[in-house]
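See below for the structure under consideration.
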Amino acid sequence: MTDHRLALVVGANRGIGLGVVQVFLDHGWDVIATARQPGNATALRALADSHPGRVTIAALDVTDTAAVDGFGATLNGRVLDAALINAGVAGPGHRSASQATMEETGALMFINAVAPVRLARALAGHLRSGSGVLAFTSSVMGSVAMNGGGHELYRASKAALNSLTRGLAVELRGRKLTVLSLHPGWVATDMGGAGAPVSVKESAEGLVAVIEKQAGSHGHRFLDYTGKELAW
Numbered sequence: 004m005t006d007h008r009l010a011l012v013v014g015a016n017r018g019i020g021l022g023v024v025q026v027f028l029d030h031g032w033d034v035i036a037t038a039r040q041p042g043n044a045t046a047l048r049a050l051a052d053s054h055p056g057r058v059t060i061a062a063l064d065v066t067d068t069a070a071v072d073g074f075g076a077t078l079n080g081r082v083l084d085a086a087l088i089n090a091g092v093a094g095p096g097h098r099s100a101s102q103a104t105m106e107e108t109g110a111l112m113f114i115n116a117v118a119p120v121r122l123a124r125a126l127a128g129h130l131r132s133g134s135g136v137l138a139f140t141s142s143v144m145g146s147v148a149m150n151g152g153g154h155e156l157y158r159a160s161k162a163a164l165n166s167l168t169r170g171l172a173v174e175l176r177g178r179k180l181t182v183l184s185l186h187p188g189w190v191a192t193d194m195g196g197a198g199a200p201v202s203v204k205e206s207a208e209g210l211v212a213v214i215e216k217q218a219g220s221h222g223h224r225f226l227d228y229t230g231k232e233l234a235w
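Residue numbers for the sequence shown follow this note's numbering, so the first one is 4 and each next one is one higher.
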């Protein structure tokens, strides 16, 4: 029987999610890692193969509400010490509320804001009471106080995530969990672009360090990957 801490990383097939899985493993955690299509998650499967018995890969599409609502049952009683819900999309290429359709806006808001919180509710009872950490990949672009313009649809979706997460944190106070809205930095991923100043490794190491440091602190915080407090 292992006494390793257990983390769930949602959206772990590439980019930040994959990097976070690697860092958790480096820090001695076991990991449940999700991907929409695990058969196509070549890098994630290779990482699991290189750490026998320490990575469980699970299929999860956050737009599948039945799968989201029932995901907790697939843990088979395993208790999570941390969960990072990392699913998200950039939205339509035009990025403009003036050009957005109902379908585009609905999909962006559902994937970036509604689905993560719906999944978090399904997971809350499976997190370790007192020290469990429920973390969301948010963005400084979701800050209303620091809104510098541009990317308005994406900003709105992350602001909505922060708002929904705040409500969830209030709802979960009795479970004594720590809820984190985390800005990973501008990271060199498919979404962030090759010219972004923060590497996946740097971001992932920072995110895991913040999660580990904040465990047991309770409440809800909006932090970046260095641990800096951000304005809502």
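Think of the CB as a built atom: it goes at the ideal place given N, C-alpha and C, for glycine as much as any other residue.
Continuous beta strand (DSSP E) stretch holding residue i: start and end
i: residue 36; result: 33-38
i: residue 60; result: 58-62
i: residue 184; result: 181-186
Residue i - containing alpha helix (DSSP H), residue span
i: residue 214; result: 203-217
i: residue 84; result: Where residue 84 is concerned, there is no enclosing alpha helix (DSSP H), given that its DSSP letter is neither H nor E.
i: residue 108; result: 105-112
i: residue 227; result: It is not in any alpha helix (DSSP H) - residue 227 instead sits in the beta strand (DSSP E) that spans 222-227.
Residue i and residue j closer than 9 Å at C-beta
i: residue 203; j: residue 19; result: yes
i: residue 157; j: residue 185; result: no
i: residue 23; j: residue 15; result: yes
i: residue 50; j: residue 9; result: no
i: residue 136; j: residue 85; result: yes
i: residue 152; j: residue 98; result: no
i: residue 126; j: residue 74; result: yes
Pick from the options that is closest to residue i, judged by C-alpha positions
i: residue 81; options: 35, 137, 218 and 183; result: 35
i: residue 165; options: 146, 22 and 181; result: 146
i: residue 173; options: 9, 71, 222 and 31; result: 222
i: residue 180; options: 218, 161 and 162; result: 218
i: residue 189; options: 234, 225 and 143; result: 143
i: residue 160; options: 133, 127, 100 and 198; result: 100
i: residue 63; options: 98, 52 and 76; result: 76
i: residue 121; options: 45, 51 and 72; result: 72
i: residue 178; options: 187, 106 and 132; result: 132
i: residue 200; options: 187, 91 and 48; result: 187
i: residue 226; options: 79, 141, 134 and 70; result: 141
i: residue 209; options: 231, 198 and 224; result: 231
i: residue 67; options: 45, 90 and 78; result: 90
Close beta carbons around residue i, own chain, < 8 Å, minus the five adjacent residues each side
i: residue 102; result: 95
i: residue 30; result: 211 and 215
i: residue 48; result: 41 and 60
Contact set for residue i: own chain, Cβ-Cβ below 6 Å, skip 5 residues either direction
i: residue 220; result: 181
i: residue 83; result: 9, 11, 129 and 130
i: residue 139; result: 88, 119, 168 and 184
i: residue 134; result: 218 and 219
Contacting residues, own chain, Cβ-Cβ under 7 Å from residue i (five flanking each side not counted)
i: residue 192; result: 18, 19 and 203
i: residue 6; result: none
i: residue 163; result: 112 and 116
For the 8 Å Cβ check, are there 3 or more pairs between the region 48-63 and the region 109-116? no
Counting pairs of beta carbons, one from the region 37-55 and one from the region 94-114, are three or more of them closer than 8 Å? Taking 8 Å as the limit for Cβ pairs, the verdict is that the region 94-114 does not touch the region 37-55.
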